[in-house]
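Start counting the first sequence at 51; every next residue gets the next number (the numbering used here). Working notes for the structure below.
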Amino acid sequence: MTDDTRSFVEEARRAKLDELRAAGIEPYGYAFKRTSTAAAAVAAYDDAMGEDGPEVAVAGRLVSYRRQGKTAFAHLEDVSGRVQLYFRQDALDAAWGLVQLLDLDDHVGVHGRVFRTRTGEVTVRVTAVELLAKSLRPLPRGKTQVTESGETVTFGGLADSEVRYRQRYADLAVHAEVREVFRLRARAVSWLRKFLDERGFLEVETPILQPLYGGAAARPFVTHHNTLDMPLFLRIADELYLKRLLVGGLERVYEIGHDFRNEGMDRTHNPEFTMLECYQAYADYRDMMDLTEAMVSGLVEHCCGTLRLERGDAVLDFTPPWPRVSFVEGVRLQSGLDVCEATDAEMRARLARTGVPREEAETFSGGKLQDEMFKAFLEPGLIQPTFVVDYPKALSPLAKPHRADARLTERFELFVQGRELANAFSELNDPDDQRRRFEDQARQRAEGDDEAQQHDADYIRAMEYGMPPAGGLGVGVDRLLMVLTGLPSIRDVILFPAMRPE
RNA sequence: GGGGGCGUAGCUCAACUGGUAGAGCAACGGGCUUUUAACCCGUAGGUUCUGGGUUCGAGACCCAGCGCCCUCACCA
């Protein structure tokens, strides 16, 4: 920030910075040997110790500061929590000058004995203080206010959600509960790794920059490689590379990483997002359903301590087994139409009655209409964890035909709160069938569907060597986190969500 | 992309029908050696998102733009 846009608060802090340097005090320290976290310092005190609790050295950020003549009280916050500090001029001598130049948000390290104040709070009586980092810019804290009922309410210091996402560092610094969300995220992801590792899955890394993109229906981000002088795409899915590994004899593989889709952004879509994909040779989609049920219910239990999550009026119950609804049958029950038998015209007419604009419905055909029917009639009602199974063939170019019904594929998706959380199928392993499906996609692309999949000849070649039958599963990790935390926006579970530049 | 809402001090918000931009907290100065929403006295702090327009006069009304949120669409 330039001088002329600096606030008076910042000017005041810079004046103190200059004063500190003039006094020979370096305002940015190198390190501090702490003996204890804030929480441990508090826990180490016992009332039998009286005024002579243990000597501790703690470091952290000042989150409150109350000066009172020749004394001052402050709260220091570190990763563990908070501890109160008590400064006295007569206990600090020369360092008292530094204490008077402290501000909220400064990082300090202090030494002192722990005691309990008259008002009952366990506190460090500071005998030495070091400034570790001067804060020049006040954190946007909200004011707190006590309501009539005596409750303390903090008005979101960063009620402005834009600032929270743009300056996540400030959001995290001010909101312990936000830090907790991302701790939970880390615990969830490492639990998922452990879950798959224990079942013999090998974690692998596949290319993010790809000459061809595939494995999903989405528009890609395009970049350019200078030396090769060729376009490269940021992957929209891991799928096609992971299945090549099945050909190579890595029977169980998984990857947790970012996919990139150049599409709309909203509460449930970020341009880059975390996807977990796993593939298991000699398994089919029923095996993957069992795996999904075990994985998600285990994760919910691990992260939330229960299988029943209260979300508004609803209680989401993750206790297995979860209901399984046939795509075609489910849509038929809600709409009266069998999407495998109905004509496009019938589906258009049915959709028109639900509020889908007619002129828009006119542009849909085939698989797109079937999908619209599903979204209009079945998806919104899928609040409890539910598997939707056996998707029409037109919707699933990478899935194996259903062994009992040629119109369908062996595919399922998991829905919770009306949102897709996971997608899986018995993987197509017939190279000739796969080639025909790619050719279909090419025709759709020629007809203007820019999300149709590209023909991947190398993938076909791999399959021609013989790909074992396999079950594959993709899980949207961010959306899973939304369910675990109950947070309403994908931005709330991504540290640095995509934003327009300021 | 369509529709709706919002944008005022560092933060949270006021400002009637168009009539001198305010408060609390934070900041700064003074006082106070066990406070914790500290307290008391005082001071300072504004491109009312940006650019046009209407008007004697615009934070408010009109137009355009920017940003964010909600919603619909797109996005399996």
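Glycine included, every Cβ here is placed at the ideal spot set by N, Cα and C.
- Nearest to V224 by alpha-carbon distance, out of V160, L300 and S114, is S114.
- If you draw a 10 Å sphere on the C-beta of R233, you find fewer than 16 other C-beta atoms in it, and that means exposed.
- The shortest CA-to-CA distance from P270 to any of E313, E343 and S240 is the one to E313.
- In the DSSP assignment, D309 is bridged to F323.
- The straight-line gap separating the alpha-carbon atoms of Y215 and I540 is approximately 11 Å.
- Minimum Cα-Cα distance from F368 among the listed residues W146, K184 and L534 corresponds to L534.
- The Cβ atoms of L182 and G159 sit closer than 8 Å to each other.
- Residue nearest to L545 within the set R163, E322 and A472 is E322 (criterion: CA-CA distance).
- Of the candidates Q467, L448, G498 and R495, L448 places its Cα closest to the Cα of P481.
- Taking C-beta separations shorter than 7 Å and ignoring five residues to either side along the sequence, the partners of A90 in its chain run S130, following chain order.
- In the structure shown, the three-state DSSP call for P270 is coil.
- Ranked by how close their Cα comes to the Cα of E105, the residues S240, F165 and E127 have F165 in first place.
- The beta-bridge partner set that DSSP reports for L126 consists of L112 and V133.
- Burial check for D279: the Cβ neighbour count within 10 Å stays below 16, so the residue is exposed.
- Classified as exposed, L383 has fewer than 16 neighbouring CB atoms from the shown chains inside 10 Å of its CB.
- The beta carbon of E127 sits closer than 7 Å to those of A88, G110, R111 and V113, all from its chain and outside the five residues before and after it, given in chain order.
- Between L142 and V176, the gap from beta carbon to beta carbon is short of 8 Å.
- Your pair D528 and N320 checks out as a contact, with CB atoms roughly 7 Å apart and the cut at 8 Å.
- Here the alpha carbons of V231 and F427 stand approximately 33 Å from one another.
- Around the beta carbon of E360, fewer than 16 other beta carbons lie within 10 angstroms, which makes this residue exposed.
- With a cutoff of 8 Å on beta-carbon distance, E289 and G250 are scored as not near each other.
- DSSP places R175 within a strand segment (E or B) once states are collapsed to three.
- Looking at the backbone, the Cα of K450 and that of H157 are separated by about 59 Å.
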